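Structure first, commentary second.
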Amino acid sequence: MNNTTGLALLGAGSREELPAHRALTGCVLALLIIWTLLGNFTVCAAVYRYRHLRAKVTNIFIVSLALSDLLVAVLVMPWKAVAEVAGFWPFGGFCKTWLACDIMCSTASILNLCVISVDRYWAISSPFRYERSMNKKVASVMIGVTWTVSVVISFVPVQLNWHRSIDGSCDSSLSRTYAISSSLISFYIPVAIMIVTYTRIYRIAQMQIRMISSLERAAEHAQSCRSNLKVSIRKETKVLKTLSIIMGVFVCCWLPFFILNCALPFCPGPGVPGAQRGPHCVSEKTFDVFVWIGWSNSSLNPVIYAFNADFRDAFLRLLRCRGRGCWAAVSAAVETVMASNEAGNLKQESPLNSPYQRRLIKQRSNEFLKACLPFTEVACRLLSEKSHYRPD
2 MNNTTGLALL
12 GAGSREELPA
22 HRALTGCVLA
32 LLIIWTLLGN
42 FTVCAAVYRY
52 RHLRAKVTNI
62 FIVSLALSDL
72 LVAVLVMPWK
82 AVAEVAGFWP
92 FGGFCKTWLA
102 CDIMCSTASI
112 LNLCVISVDR
122 YWAISSPFRY
132 ERSMNKKVAS
142 VMIGVTWTVS
152 VVISFVPVQL
162 NWHRSIDGSC
172 DSSLSRTYAI
182 SSSLISFYIP
192 VAIMIVTYTR
202 IYRIAQMQIR
212 MISSLERAAE
222 HAQSCRSNLK
232 VSIRKETKVL
242 KTLSIIMGVF
252 VCCWLPFFIL
262 NCALPFCPGP
272 GVPGAQRGPH
282 CVSEKTFDVF
292 VWIGWSNSSL
302 NPVIYAFNAD
312 FRDAFLRLLR
322 CRGRGCWAAV
332 SAAVETVMAS
342 NEAGNLKQES
352 PLNSPYQRRL
362 IKQRSNEFLK
372 ACLPFTEVAC
382 RLLSEKSHYR
392 PD
């Protein structure tokens, strides 16, 4: 009798905690969805609103990334969030379409990140060729290939039933061949490309920073050598930290999911083709947590990739107050000069110790980091604002 009463009380307590737990889960997921929507929509709105952002070819890749992340927040997250709160999949036959959209949008987001890294490496390693070859048509072709691969790898296999839905939910177990092949295309190959490109970008940036520091030391003589060396090390560290954040956030968000995605088809459990029933390798809740961590990458991409100086100013202008002089206007006139050409011109036009050269080299070295990081002006260009000073 006492045992029965205790079990009844325990069951009642569990029923009281369950709604609270689901309500908290719903609030957290709703905030994540809203943040993802606002962040990526703001990126698209800024590019659409301001001509100087539309004029940069590299921003086409930002818009493509933002659109893929926006689709994750519209076509993928809300439906799964409702299922998480409800405890079951309430949308019936929409499951198959939702699965295809999930694979397509997530793959498109990852492939866009990969294309961005290739674009940055090309701009930095071969700036002259990049300047001649990269235009809106080439960028559109690259984006078109990215989205085509995403659609093919998602809708075609789902329509061919290369997955098996688990009863009572919209979760599915993939065949071993499809799980491995899709993970290779959607994650492992892109992440390998990103590691290679960003490693090479860092090495090029390191070399350029040291070259500029040597010019500074020559211009300012030995009295400031130690100070310039510290500045050079600090800039190299800044580049390394930024590239580490880009890669670290991406890998931390998606690697756990894709490890499980490849491992689960080999685990015994219900719904796994060719496997006998037995204990799961990982619980359903754990797998869902890793899925949401992967999707959360779409909420972080606008912060990491779009928050350079141009985009920050555009965002502030979009949100600014109506009063006079609230925010400074973005200067549309930007003078671009290649580092090698400018260094040669300085040697010919001004003495090594002239104030003009020292000021210009210092300005270029400070702005070099912006040119080597994603989504700034053409990489490895040394940008400068037009100066009223005219050397004799």
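Heads up: the sequence shown is residues 2 to 393, going by this note's numbering.
Glycine is no exception: its CB is placed at the ideal position from the N, C-alpha and C atoms.
These numbers were taken from a predicted model, which means no experiment stands behind them.
- In this chain, the beta strand (DSSP E) harbouring L175 covers 173-175.
- If you check the CB distance, V152 and C106 do not come in under 8 Å.
- Here the C-alpha atom of W163 lies approximately 23 Å from the C-alpha atom of M78.
- A distance below 6 Å between beta-carbons, with the five flanking residues on each side excluded, links P158 to the following residues of its chain, in chain order: Y179.
- Residue R235 holds the alpha-carbon nearest to the alpha-carbon of R211 among I194, R55, T200, R235.
- Residues L261 of the same chain have their beta carbon placed closer than 7 Å to that of F288, with the five preceding and five following residues left out of the count.
- Its chain contains T43, A46, A47, R50 as the residues whose beta carbon lies nearer than 8 Å to that of L319, once the 5 sequence neighbours on both sides are disregarded; these appear in chain order.
- If you draw a 10 Å sphere on the C-beta of G40, you find 16 or more other C-beta atoms in it, and that means buried.
- The alpha carbon of V197 has as its nearest neighbour, out of M208, I154, S173, L244, the alpha carbon of L244.
- Between the alpha carbons of T200 and S173 lies a distance of about 36 Å.
- Taking all protein chains in view, the Cβ of M208 is surrounded by fewer than 16 other Cβ atoms within 10 Å, so the residue is classified as exposed.
- In the DSSP assignment, H164 is bridged to L175.
- Counting of Cβ neighbours within 10 angstroms places V240 among the buried residues, the total reaching 16 or more.
- The criterion of a C-beta distance shorter than 8 Å is satisfied by D70 and N302.
- A109 and R321 have their C-alpha atoms roughly 32 Å apart.
- With a cutoff of 8 Å on beta-carbon distance, S65 and I154 are scored as not near each other.
- Cβ-Cβ separation between F188 and N113: approximately 13 Å, too far for a contact (criterion under 8 Å).
- Cα atoms of N60 and S284: separation of roughly 41 Å, rounded to the nearest angstrom.
- Assignment of P91 by DSSP, reduced to helix, strand and coil, places it in the coil class.
- Assigned with DSSP and collapsed to three states, K57 falls in coil, not helix or strand.
- Under the three-state reduction of DSSP, S110 is assigned to helix.
- Exclusion of the five residues before and after I104 leaves S155 as the residues of its chain whose Cβ lies within less than 6 Å of its Cβ.
- Taking the Cβ atoms as the reference, W255 lies roughly 7 Å from I111, within the contact range of under 8 Å.
- The criterion of a C-beta distance shorter than 8 Å is not satisfied by F258 and R177.
- Classified as buried, R121 has 16 or more neighbouring CB atoms from the shown chains inside 10 Å of its CB.
- Exclusion of the five residues before and after I34 leaves A74, M78, P79, A82 as the residues of its chain whose Cβ lies within less than 8 Å of its Cβ.
- Ranked by how close their Cα comes to the Cα of I294, the residues R23, V119, A124, T37 have T37 in first place.
- One thing to note: I305 has its Cβ within 8 Å of the Cβ of I247.
- Comparing alpha carbon positions, the residue from Y131, A56, C263, L68 closest to S184 is C263.
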